[in-house]
Amino acid sequence: METKPNKECCNPVKKPGPVSMDHVLLALRETKEERDMRIRSLFNFFDTTNAGYLDYTLIENGLSALQIPAEYKYAKDLLNVCDSNKDGRVDYQEFKRYMDDKELELYHIFQAIDVEHNGCITPEELLDALLRAGIEIDDEELARFVERVDKDNNGVITFEEWRDFLLLYPHEATIENIYQYLERVCLVDIGEQTVIPEGISKHIHASRYLIAGGVAGATSRTATAPLDRLKVVLQVQTTRARIMPAVREILREGGFLGFFRGNGLNVMKVAPESAIRFYMYELLKGFVADFKGEEDKADIGTSGRLFAGGLAGAVAQASIYPMDLVKTRIQTCSFEGGRVPSLRKLSRDIWVQEGPRAFYRGIVPSLLGIVPYAGIDLAAYETLKDLSKKYILQDGAFQWKQVLLCNWDVEQYQGLLEQHAFIHCRLSGQECKLSNLMQILLIRGWLMYLGEPFNMKG
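In terms of my numbering, the sequence shown opens at residue 73 and continues consecutively.
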């Protein structure tokens with residue numbers, strides 16, 4: 073007989089908005105003194121030597137005593153997040169500060185899931201939250217999720233049960249992270265095998281990377297299309313390039329729409345490029361974490377992020393490079409009567425007149441540029457985001473201002489790599505055949521002038 077959810081034991085939770093510890097106490101039905109005693113008792117549970125502080129060994133032993141499987145214990149992560157002064161020890165004040173922050177964080181996400189604000193998460197509400205996060209699970213998996221967290225087996229999850237399940241989880245409590253944590257602790261342990269590397273759940277479809285990357289990329293590329301066209305035109309000129317003459321030439325050839333020449337192809341390629349890059353980045357972070365013996369891919373460090381980001385960028389760039397070359401040809405070539413040939417005709421002409429290898433002309437300098445570009449782009453953004461959340465933000469919220477700040481800093485590094493894009497445009501925009509030796513000589517020739525401003529054209 074199926075158990076019906078019992079909501080009578082639930083304590084109402086306020087609607088989403090600013091919260092304080094008073095709201096947490098109300099949801100837990102605790103007084104401040106009772107909560108302090110609970111936290112002190114938990115600290116003493118870990119501090120078996122009565123040393124007055126916790127180190128890695130004590131945290132490891134405490135998690136083992138709680139019967140958490142070794143491969144799912146986050147002892148090192150828990151130590152790092154609690155140890156605010158980085159002395160390798162966690163005193164009671166540091167431990168309590170972590171508990172305060174974690175319970176507020178868990179209350180925030182509980183608010184978001186509990187749409188009825190009655191203090192209980194029903195299976196239906198939990199399923200809706202998972203679906204909004206792009207995670208699709210069947211009824212059996214949902215039942216396991218609820219059963220794992222619901223200690224009194226009344227069919228709903230109270231905030232106390234929610235807190236107890238996630239209190240010692242040291243990473244950011246997003247619905248995606250919570251599900252993946254549960255998937256590892258509960259679902260995989262009972263015999264299910266996952267064929268997708270840890271970090272990319274089998275329920276989070278790659279199509280979401282495609283849609284998100286495509287929409288964001290298409291919007292940004294269209295908004296900056298005039299600047300992109302002007303940049304490419306300046307880069308392929310062999311004489312000293314000036315901005316205003318280039319602008320007048322573009323207007324003379326195609327009017328205002330001339331600034332958007334090649335943008336359709338740009339939009340077409342940005343969706344698969346973004347999807348491949350971000351998907352490969354998450355995939356490679358998992359491999360790096362396994363190689364370094366880290367429990368979580370968030371701990372692979374800056375070098376690991378640089379490697380994963382650079383290789384992901386190279387794979388994505390190689391995948392869409394023929395489209396990029398055709399786009400450059402469209403943007404830089406002069407056509408009779410100012411009419412731009414169709415994509416099909418131009419591609420066929422390149423294939424017939426120059427051969428299939430022409431579609432990969434200039435790929436070497438392009439990859440030389442994209443590896444550090446993508447590595448710095450993704451690694452610096454994640455690193456700056458982590459630093460911002462640690463030293464700048466309150467309540468762990470990552471706001472749009474910090475997104476802009478991180479992106480601005482990343483762009484400063486990317487400007488140093490513009491030389492490779494310059495050489496790539498020169499090579500891909502030329503119709504004459506270049507041997508590998510000639511490509512090397514051309515690259516060498518441009519590198520001799522790195523200190524001159526002409527190499528920053530565009």
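Each residue gets a CB set at the ideal place from its N, CA and C atoms; glycine is no exception.
query: Taking the continuous alpha helix (DSSP H) assigned at R320, which residues delimit it?
result: R320 -> alpha helix (DSSP H) spans I315 to G326.
query: For P90, which residues from the same chain have a beta carbon less than 6 Å from its beta carbon, with the 5 sequence-adjacent residues on both sides left out?
result: Here the set comprises nothing.
field: Beta-carbon contacts of L238 that lie in its chain and below 7 Å, excluding the five residues immediately before and after
entry: Counting only Cβ-Cβ distances below 7 Å, and skipping sequence neighbours, we find L178, A245 and I250.
message: With a threshold of 7 Å on Cβ separation, who are the neighbours of I253 within its own chain once the five nearest residues in sequence on each side are excluded?
response: One detail in the question is off: residue 253 reads as Tyr in this sequence, not Ile. Only Y241 meet the Cβ criterion.
query: How is the alpha helix (DSSP H) around F331 delimited, first residue to last?
result: Per DSSP, F331 belongs to no alpha helix (DSSP H) and is neither H nor E.
message: With a threshold of 8 Å, are at least 3 pairs of Cβ atoms found where one atom belongs to the segment 198-212 and the other to the segment 125-133?
response: Counting Cβ pairs under 8 Å, fewer than three are found: no touch.
- prompt: Looking only at its own chain, which residues have a Cβ that is under 8 Å from the Cβ of K341, when we skip the five neighbours before and after it?
  reply: The residues are I392, M395, D396 and K399.
- prompt: Given that a residue counts as buried once 16 or more other Cβ atoms are within 10 Å of its Cβ, and exposed if not, what is R112?
  reply: With fewer than 16 other Cβ atoms within 10 Å, it is exposed.
query: Just how far apart, CA to CA, sit R324 and A430?
result: Looking at the two C-alpha atoms, the distance is approximately 29 Å.
query: Start and end of the alpha helix (DSSP H) containing D172?
result: D172 -> alpha helix (DSSP H) spans Y164 to I185.
query: Is it true that the CB of N335 sits closer than 8 Å to the CB of A288?
result: 8 Å or more divides the Cβ of A288 from the Cβ of N335.
query: Ordered along the chain, which non-local residues of its own chain (more than five positions away) have a Cβ less than 6 Å from that of V360?
result: Cβ neighbours of V360 within its own chain (closer than 6 Å, five residues either side excluded): I372, G376 and A380.
field: Classification of I185 by the beta-carbon crowding that lies within 10 angstroms, buried from 16 upward
entry: With 16 or more other Cβ atoms within 10 Å, it is buried.
query: Excluding five sequence neighbours on each side, which residues of the same chain lie with their C-beta closer than 8 Å to the C-beta of L439?
result: Around L439: A386, Q389 and A390.
query: Are the Cβ atoms of G382 and G427 separated by less than 8 Å?
result: No, Cβ-Cβ distance for G382 and G427 is not below 8 Å.
query: Going by the CB atoms, is the gap between L135 and A123 shorter than 8 Å?
result: In this structure, A123 lies away from L135, with their beta-carbon atoms at least 8 Å apart.
query: Does the Cβ-Cβ distance between V221 and E233 come in under 8 Å?
result: If you check the CB distance, V221 and E233 come in under 8 Å.
field: Per-residue burial, Q183 [other beta carbons within 10 Å of its own, 16 or more giving buried]
entry: Buried.
- prompt: What's the C-alpha gap between S92 and S346?
  reply: If you take the alpha carbons of S92 and S346, they lie about 39 Å apart.
task: Could you say which of L203, C192, I322 and E248 lies nearest to N225 if we only look at CA atoms?
output: When only C-alpha atoms are compared, the closest one is C192.
message: So, at 7 Å on beta carbons, what are the nonlocal neighbours of V187 in its own chain, with the 5 sequence-adjacent residues on each side left out?
response: Within the same chain, V187 has close Cβ partners E197.
- request: Please list, in chain order, all residues of the same chain as K223 whose beta carbon is under 6 Å from its beta carbon, the five residues on each side excluded.
  value: A distance below 6 Å between beta-carbons, with the five flanking residues on each side excluded, links K223 to the following residues of its chain, in chain order: E233.
field: Extent of the continuous alpha helix (DSSP H) run through L135
entry: Annotation for L135: the continuous alpha helix (DSSP H) segment containing it runs Y128 to A137.
message: Tell me the rounded alpha-carbon separation between L100 and C154.
response: Those two C-alpha atoms are separated by around 23 Å.
- prompt: What's the C-alpha gap between A290 and G358?
  reply: So the two alpha carbons sit approximately 28 Å from each other.
Reduced DSSP category for G427 - H, G, I as helix; E, B as strand; rest coil: Secondary structure of G427 (DSSP, three-state): coil.
message: If you follow the alpha helix (DSSP H) that H95 is in, where does it begin and where does it stop?
response: Per DSSP, the unbroken alpha helix (DSSP H) holding H95 starts and ends at M93 to L100.
- prompt: Got a sec, what are the start and stop residues for the alpha helix (DSSP H) V221 sits in?
  reply: Per DSSP, V221 is one residue of the alpha helix (DSSP H) stretching across D211 to V221.
task: Can you say whether K369 is buried or exposed, counting buried as having 16 or more other CB atoms within 10 angstroms of its CB?
output: Buried.
message: Let's test the definition: count the other Cβ atoms within 10 Å of the Cβ of G365 and tell me whether it reaches 16, buried, or not, exposed.
response: Flag for G365 reads exposed.
message: Please return the same chain residues whose Cβ sits closer than 6 Å to the Cβ of L97, not counting the five positions on each side in sequence.
response: Correct list: empty, nothing qualifies.
- request: Kindly identify the DSSP beta-bridge partner or partners of T230.
  value: Per DSSP, C192.
Euclidean distance between Cα positions of D172 and K104: Those two C-alpha atoms are separated by around 12 Å.
task: Note down the Cα distance separating G160 from F167, rounded to an integer number of angstroms.
output: When rounded, the distance between both Cα atoms is 13 Å.
message: Just to confirm, is the Cβ distance from L302 to I322 under 8 Å?
response: In terms of Cβ geometry, L302 and I322 form a close pair [threshold 8 Å].
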